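Worksheet: the structure to be examined is printed underneath.
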Amino acid sequence: MSTPFVSPLPEEIDNLWERRADLTPNDSDARDTIIAAVDDLDAGKARVAFVDTDTDEVVVDERAKRSILLSFRVLEMERSEVGSFVHNDRIPLKTRFDGVRVVPGAIARWGAYLAPGVVLMPSFTNFGAYVASGTMVDTWATVGSCAQVGANVHLSGGVGVGGVLEPPQASPVVIEDDAFLGSRSMVVEGARVRRGAKLGAGTILTASTRLRRGDRRGAPPRRGAGLVGLRDREPREELPRRGLRDAVPAGAQAAARGGRARQARPQRDAA
1102 MSTPFVSPLP
1112 EEIDNLWERR
1122 ADLTPNDSDA
1132 RDTIIAAVDD
1142 LDAGKARVAF
1152 VDTDTDEVVV
1162 DERAKRSILL
1172 SFRVLEMERS
1182 EVGSFVHNDR
1192 IPLKTRFDGV
1202 RVVPGAIARW
1212 GAYLAPGVVL
1222 MPSFTNFGAY
1232 VASGTMVDTW
1242 ATVGSCAQVG
1252 ANVHLSGGVG
1262 VGGVLEPPQA
1272 SPVVIEDDAF
1282 LGSRSMVVEG
1292 ARVRRGAKLG
1302 AGTILTASTR
1312 LRRGDRRGAP
1322 PRRGAGLVGL
1332 RDREPREELP
1342 RRGLRDAVPA
1352 GAQAAARGGR
1362 ARQARPQRDA
1372 A
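Reading the sequence shown from the start, the letters are residues 1102 to 1372 in this note's numbering.
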């Protein structure tokens, strides 16, 4: 039995959350507490979510999420400039990049943790995200608010990893270690991509996407293999232990069959 999770952030965050409607930038004590909590997220001392190695379940630190949401209550709009670019926002840009390669054009907001060895091509990493060592966020990829990306992951060009703040979601998207997300693929609504999974280009995964189970060695899906979902509440034994390889939504297969049928019909008419 695993030990119950205890947030490293102060209990005062919960008290502030209960009276969040009354908070303003004039509440200096509340602002200091919230800034300190978000700074812990920025430094990797706390994170919004992680996978419990004992239970294989995603554990969410609600105080971390609350710290992020509360910051919008207590931080004022401030103008900032990067070269000729002018910004006006409550959340400043990240300044802590120890051991991180940041290519010109990459943007990361304060409160996002980037581990040493991360490479940011021109991309966007949002508030509260966590990106582990050895991961590349490729050109025009987006790591959404509070998204959790593991080590040695490749987010290819144009990949979209969804966030939890707009609209509010219970759990963040989790991309586990050694995963590969093909160009222009999207993972949203708290979906979880397991360790070693490989998503083909253009794949879209949501909390309700159903996938045809394939052989882990790369063999095509077997006839009658059935459909499995990505929700954690579904039987875990139906999901390959090291993730879904080249996962493609079953609906895409049906669309492809329909396309072939439409192409064949004019040929029959002509005959």
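Even glycine gets a Cβ: it sits at the ideal position worked out from N, Cα and C. Computed from a predicted model, the values in this text were never measured in an experiment.
(message) So, with DSSP's three-state summary, where would you put T1134?
(response) Here DSSP, grouped into helix, strand and coil, assigns T1134 to helix.
(request) Reducing DSSP to helix, strand and coil, say where R1167 ends up. (result) Reduced to three states, the DSSP call for R1167 is helix.
(message) For S1272, which residues in the same chain have their Cβ closer than 8 Å to its Cβ, ignoring the five residues on either side in sequence?
(response) Within the same chain, S1272 has close Cβ partners A1150, V1159, V1161, V1265, G1291.
(request) Work out the CA separation of G1229 and T1134 for me, nearest whole Å. (result) Linking T1134 to G1229 through their CA atoms gives a straight-line distance of about 16 Å.
(request) Sort T1196, D1190, K1166, L1256 by Cα distance to G1297 and report the nearest one. (result) For the residues T1196, D1190, K1166, L1256, the minimum Cα distance to G1297 belongs to L1256.
(request) Identify which residue in G1245, S1246, M1237, A1302 has its Cα closest to the Cα of N1253. (result) For N1253, the closest alpha carbon among the candidates G1245, S1246, M1237, A1302 is that of M1237.
(request) Within the region 1162-1240, note down every full beta strand (DSSP E) run reaching 3 residues or more, in order along the chain. (result) For the region 1162-1240, whole beta strand (DSSP E) runs of length 3 or above, ordered along the chain, are 1179-1183, 1186-1190.
(message) Taking the beta carbon of N1127 as the centre, do at least 16 other beta carbons fall within 10 Å, making it buried, or is it exposed?
(response) N1127 comes out exposed.
(request) State yes or no: is the C-beta of A1213 within less than 8 Å of the C-beta of D1143? (result) Between A1213 and D1143, the C-beta gap is smaller than 8 Å, which places the two residues in contact.
(request) Rounded to whole angstroms, what's the CA-CA distance from A1153 to G1184? Just pull it up for me. (result) The displayed chain sequence assigns Asp, not Ala, to residue 1153. One C-alpha to the other measures close to 43 Å.
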